[in-house]
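Asker:
2 protein chains.
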Amino acid sequence: MSGMGESGKDSATEMSFALHSAARLLRRNFDRRARDHGLSDARWQVLWHLTREQGLKQTALAGRLEMAPISLARLLDKLQGEGLVERRPDPQDRRCFKIYPTDQVQPAMALLGDLAEETRNHALDGFTAAEIGQLQALLGRLRKNLIGEEIECD
Amino acid sequence: MSGMGESGKDSATEMSFALHSAARLLRRNFDRRARDHGLSDARWQVLWHLTREQGLKQTALAGRLEMAPISLARLLDKLQGEGLVERRPDPQDRRCFKIYPTDQVQPAMALLGDLAEETRNHALDGFTAAEIGQLQALLGRLRKNLIGEEIECD
DNA sequence: ATGAAATAATAAGCAGGCTTATAATGAGCG
DNA sequence: CGCTCATTATAAGCCTGCTTATTATTTCAT
Chain A
6 MSGMGESGKD SATEMSFALH SAARLLRRNF DRRARDHGLS DARWQVLWHL TREQGLKQTA
66 LAGRLEMAPI SLARLLDKLQ GEGLVERRPD PQDRRCFKIY PTDQVQPAMA LLGDLAEETR
126 NHALDGFTAA EIGQLQALLG RLRKNLIGEE IECD
Chain B
6 MSGMGESGKD SATEMSFALH SAARLLRRNF DRRARDHGLS DARWQVLWHL TREQGLKQTA
66 LAGRLEMAPI SLARLLDKLQ GEGLVERRPD PQDRRCFKIY PTDQVQPAMA LLGDLAEETR
126 NHALDGFTAA EIGQLQALLG RLRKNLIGEE IECD
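If you're matching them up, the sequences are chains A and B in order. Per my numbering, the first sequence runs over residues 6 to 159. Per my numbering, the second sequence runs over residues 6 to 159.
1) Closer than 9 Å, CB to CB, is M6/A near chain B or not?
2) If distances are taken between C-alpha atoms only, which option among D98/A, I137/A, T56/A and R146/A comes closest to L143/B?
3) To test your reading of the DSSP string, which unbroken beta strand (DSSP E) runs of 3 or more residues are found completely within the region 69–127 of chain A?
4) If you run the structure through DSSP and keep just helix, strand and coil, what is L129/B?
5) List the residues of chain A whose Cβ lies closer than 9 Å to the Cβ of S170/B, in chain order.
6) Would you call Q109/B buried or exposed, if buried means 16 or more other Cβ atoms sit within 10 Å of its Cβ?
7) Go through its chain and collect everything with a Cβ distance to L102/B's Cβ below 8 Å, but skip five positions before and after it.
8) Residues in the same chain with beta-carbon distance under 7 Å from S45/B, minus the five sequence neighbours each way, listed in chain order, please.
9) Can you give me the C-alpha to C-alpha distance between N150/A and L31/B, rounded to a whole angstrom?
10) Can you list, in chain order, the residues of its chain with a C-beta nearer than 6 Å to that of R69/B? Leave out the 5 residues immediately preceding and following it.
11) I'd like the list of long-range same chain contacts for F22/B, defined as Cβ closer than 8 Å, with 5 residues on each side in sequence excluded.
12) Pull out every residue of the region 15–43 of chain B whose Cβ sits closer than 9 Å to any Cβ of chain A, in chain order.
The following block contains the structure:
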C-alpha cells in the first residue's frame with residue numbers, strides 16, 4: 006500500500022465504497038424478506054449467535070457481534086419484550102445477566118435461516134465455493150487489520 | 006450455490022457476517038479520524054461524489070450514492086447549514102435543485118482524502134494491488150446480483 | 001385545454017449504530 | 001475493614017439509514 010499512485014488511491018476508494026454498498030444491499034435484501042415476519046437482519050444476528058452460545062452475558066455477546074454493549078442492550082430490550090430472549094440474573098455476579106433464547110426462537114430461526122439462504126443464493130449467484138472462500142479470506146484479513154485498534158472483548 | 010450442504014450454508018452465513026463487520030469497522034475507523042474535524046464518512050462520500058459531478062440534482066446524487074433521496078435530503082440540510090454545499094434552483098424545472106459544493110469544500114476534501122488514505126492503508130495492510138482488485142471484483146459481482154432488484158436511477 | 005399519472009423534494013416517525021455519562025456491584029490493596 | 005478502581009448494565013441524545021405519505025410541479029393523453 007505504500008507508494009501507490011493516484012489511480013491506486015482511487016481504486017482503493019472505490020473498493021471502500023463497494024464494500025459499504027455490498028453490505029447495505031445485502032442487509033436491505035434480507036430485511037425486505039424478514040420484515041413481514043417482524044424481524045430484521047440485526048435481530049437475526051443476535052439470535053444466531055445466541056442459539057450457538059447460550060447464557061452469554063451481554064458484554065460477551067456484544068463482543069461476538071462486534072458492537073458496543075449499549076447498542077445490544079436496546080435490541081435485547083425489544084427482543085425480550087417480544088418474548089424471544091430471556092435475561093437471567095447471574096448468581097455469581099449480581100451486576101450481570103445471562104442471555105438465553107426462549108422456546109419461540111427455534112421456529113423463528115428456521116424461518117430466518119431459509120430467508121437468509123434465499124438472500125445469499127441471490128447475492129452469490131455465479132460464485133464458486135472457492136470464490137466465496139476467497140472473499141471471506143480477504144474480508145477476514147481486512148477485519149483483522151482494523152480490529153487491532155478496537156477494544157478486545159472476552 | 007445450489008445443493009450446498011450445511012457447512013457451505015454456515016460458511017456463507019459467516020461471509021455475510023464478515024461483510025457487515027468489515028464495512029462497519031472501516032466506517033468506524035474513518036469516523037474516529039474525521040470526528041475531530043466535525044466530519045464523517047457519510048458526509049465525505051457526499052462531497053466526494055459532488056466534487057466529481059457538480060450540479061447534480063438530488064435524485065441523481067442519491068442514485069450515485071445508492072441511497073434513498075430522503076436520506077440524502079437531511080444530510081444536505083446539515084451540509085448546507087454548515088456552508089459546505091449550495092442548492093441552486095433549476096430554471097428548467099422548478100421542482101428540483103442542483104447541488105454544488107462551496108469554496109469551503111476543497112480544503113476539507115484534501116484533509117478527508119488524507120484521513121481516508123490512512124484508514125485504507127491500515128485496513129489494506131499486507132494486501133497486494135492484485136488482491137485489492139480481486140476483492141473489488143468479487144464485491145462488484147455481489148452488488149450486481151443484488152442491485153437488479155433495486156430501483157434503477159438516472 | 002384539462003385532468004390523470006409520474007417525478008422532485010420533503011415531513012414524520014422508526015431502526016439500529018455510536019459516544020458520553022451514571023449507578024450498582026465486584027475486586028484488590030492499604 | 002475501607003478506599004479506590006475496574007466492570008456491567010443502562011440512560012440520554014446524536015447520526016444516518018429506511019418506509020410511508022404529502023406537496024408542488026411537470027408531462028402526457030385525451
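Ideal placement from N, C-alpha and C gives every residue a C-beta, glycine not left out. Remember, predicted model here, so these are calculated numbers, not experimental data.
Answerer: So, from the data block:
1) Confidence at M6/A is low in this model, with a pLDDT of 49, below 50, so its placement is unreliable and the value that follows should be read with caution. M6/A counts as touching chain B.
2) I137/A
3) 90–94 and 102–106
4) coil
5) Beyond the ends of chain B as shown, which are 6 and 159, falls residue 170/B; an answer cannot be given.
6) exposed
7) Strictly speaking, residue 102/B in this sequence is Phe, with Leu absent from that position. Hits under 8 Å: K62, Q63, R92, R93, P94 and D95.
8) D36 and A39
9) 10 Å
10) H54
11) none
12) S16, A17, T18, E19, M20, S21, F22, A23, L24, H25, S26, A27, A28, R29, L30, L31, R32, R33, N34, F35 and R37
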